[in-house]
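Residue numbers (our numbering): 8 to 172.
Heads up, the thing below is written out as structure tokens.
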Amino acid sequence: MLSRDRMRLALDHQEPDRVPFDLGGTGLTTIHVTAYRNLRQYLGLPAVDVRVAHLAEQLADVDEDVADRLQTDVRPVRPCLPHGYRLAFEDQGTYEAYLDEWCIGWRKPKDGGFYYDMYHHPLAAADSVQELASFRFPDPVDPARFASLRSDAQAMVARGKAVVL
């Protein structure tokens, strides 16, 4: 049974051939980068540069070899970053930091840090509608965000996977 069919049956409250399994299909069903490296090692898979799907939480983008080995049924399709935004890390002594596209500052201890914590918010001191109105919000409909969604989804569908967007 294809993953898409398995998921569809389960969502329609019908019994598939097995319970659908998801690891990495959503931000809530993925795995921390440290645990992911350990999982790859346990499965006897080669070490890779782990792609991070959710930076602040340090959640891994599960590679296809792991998804295939564990027979996952769900694969993610994620929007891209907006045009003109470039992720840049800053060395802050004992912390590694970055600004997200909202200009929110995040930092993680270099020694033993597992997650990035918010340390700066551009609207923290805003106390008027004018200050809020003058803030440059990210463009939610920037075409760069959606440039590869269709082809990414079609690639997963071609592999028989259920797609989460």
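Glycine included, C-beta positions come from ideal geometry on N, C-alpha and C.
- Scanning Gly31, Val59 and Asp80 for the CA closest to the CA of lysine 168 turns up Asp80.
- Counting only runs of at least 4 residues, the segment 64-149 fully encloses the following alpha helix (DSSP H) elements, listed from N- to C-terminal order: 71-76 and 136-141.
- The shortest CA-to-CA distance from proline 27 to any of Pro145, Leu16, Thr37 and Leu66 is the one to Leu16.
- By the CB criterion at 8 Å, methionine 163 and arginine 82 fall inside the cutoff.
- The alpha-carbon of arginine 85 is positioned some 25 Å away from that of glutamate 97.
- Closest option to proline 129, judged by alpha-carbon separation, among Tyr123, Phe121, Glu138 and Tyr122: Glu138.
- In the DSSP annotation of this structure, alanine 154 is not part of any alpha helix (DSSP H), being labelled neither H nor E.
- Taken through DSSP and simplified to helix, strand or coil, alanine 165 comes out as helix.
- In the DSSP assignment, the residues bridged to histidine 61 are Leu66.
- Straight through space, the alpha carbons of arginine 13 and aspartate 19 are spaced by roughly 10 Å.
- One Cα belongs to methionine 125, the other to serine 135, and the distance between them is close to 23 Å.
- A check of alpha carbon separations from leucine 46 across Val148, Ala67 and Pro116 identifies Ala67 as the nearest.
- The alpha-carbon separation between glutamine 65 and leucine 172 amounts to approximately 19 Å.
- Assigned with DSSP and collapsed to three states, valine 40 falls in helix.
- Using a 10 angstroms sphere on the CB of lysine 115, the tally of other CB atoms reaches 16 or more, which defines it as buried.
- By the C-beta density criterion, tyrosine 49 is exposed, having fewer than 16 other C-beta atoms within 10 angstroms.
- When C-alpha distances from aspartate 72 are compared across Asp146, Ala132, Leu30 and Val148, the shortest belongs to Leu30.
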